[in-house]
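Residue numbers (this note's numbering): 24 to 289.
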């Protein structure tokens with residue numbers, strides 16, 4: 024449980040860093056180029072699934088991938104042929120992600136938009152009424168994209184049932200569900216209170232030091248525990264602090280350390 028003082032500080036950090044100008048070097052900025060939800064949800068899927076490694080390389084790879092498939096130049100992603108997706112991504116590489124894997128993901132996404140009407144509808148079909156969070160729905164979303172793609176996306180679609188924290192998929196959901204100066208939203212019908220913190224090694228380390236989890240693995244269980252901790256500060260929007268804390272760790276690490284030290288004295 025977060026002390027009241029820590030919750031108050033989190034709110035001040037959110038107000039300080041949750042600004043559009045702070046997102047200029049974050050892959051979320053690619054979503055701002057697409058005012059329509061159908062293309063934004065595709066751009067977000069690409070940007071989030073490539074969001075591992077150094078941020079400058081992430082942004083370079085995302086820009087390259089979106090340029091190759093020509094998302095900005097089409098009115099609807101379903102108008103882009105599967106042959107073009109495969110051909111345009113031939114030779115693409117982002118760390119250990121291949122062009123074939125990214126093409127498989129995008130072909131699955133294209134087929135999902137055609138079959139379900141949108142990726143939003145595809146996700147919502149797996150979200151049960153009364154769900155505690157999005158974890159089970161995320162698993163069903165992964166299953167459906169794998170079915171539609173022929174399971175060609177590889178590591179880009181980790182499954183929560185295997186214990187993965189699904190950091191990049193939870194990042195995608197944060198972008199598409201939340202609406203503020205940083206997260207553009209676009210999806211309706213999924214409550215922000217259901218979102219799970221995108222757990223990577225940095226957020227895991229911070230969650231440990233804030234006492235939000237005791238687990239030594241950055242897995243789905245630790246992500247859920249940390250989310251419950253952040254919910255003490257805002258039960259209706261527990262992942263709102265994700266971007267702000269990540270940004271603060273880059274531009275004001277001393278200030279973040281002071282927050283952690285304050286927690287230790289509470």
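Idealized CB from N, CA, C, for every residue including glycine.
- Here the stretch 57-67 makes no contact with the stretch 27-45; the two share fewer than three CB pairs at distances below 8 Å.
- A residue is called buried when at least 16 other Cβ atoms come within 10 angstroms of its Cβ; residue 83 does not meet this threshold and is exposed.
- Exposure of residue 119 is indicated by the presence of fewer than 16 other C-beta atoms within 10 angstroms of its C-beta.
- Each of 111, 194, 204 was checked against the Cα of residue 43, and the nearest Cα belongs to 204.
- In the DSSP secondary-structure assignment, residue 121 is bridged to 116.
- In summary, residue 137 is exposed, with fewer than 16 beta-carbon neighbours lying within 10 Å of its beta-carbon over all protein chains present.
- Per DSSP, the continuous alpha helix (DSSP H) segment holding residue 110 begins and ends at 105-111.
- Your pair residue 50 and residue 81 checks out as a contact, with CB atoms roughly 5 Å apart and the cut at 8 Å.
- In this structure, residue 124 sits away from residue 162, with a CB-CB distance that is not shorter than 7 Å.
- Only residues of its own chain outside the window of five on either side were considered, and among them 197, 218, 220 have a CB closer than 6 Å to the CB of residue 262, listed in chain order.
- Looking only at 225, 242, 237, 232, the smallest Cα-Cα distance to residue 266 is reached by 225.
- Residue 198 carries a helical assignment under DSSP once its states are collapsed to helix, strand and coil.
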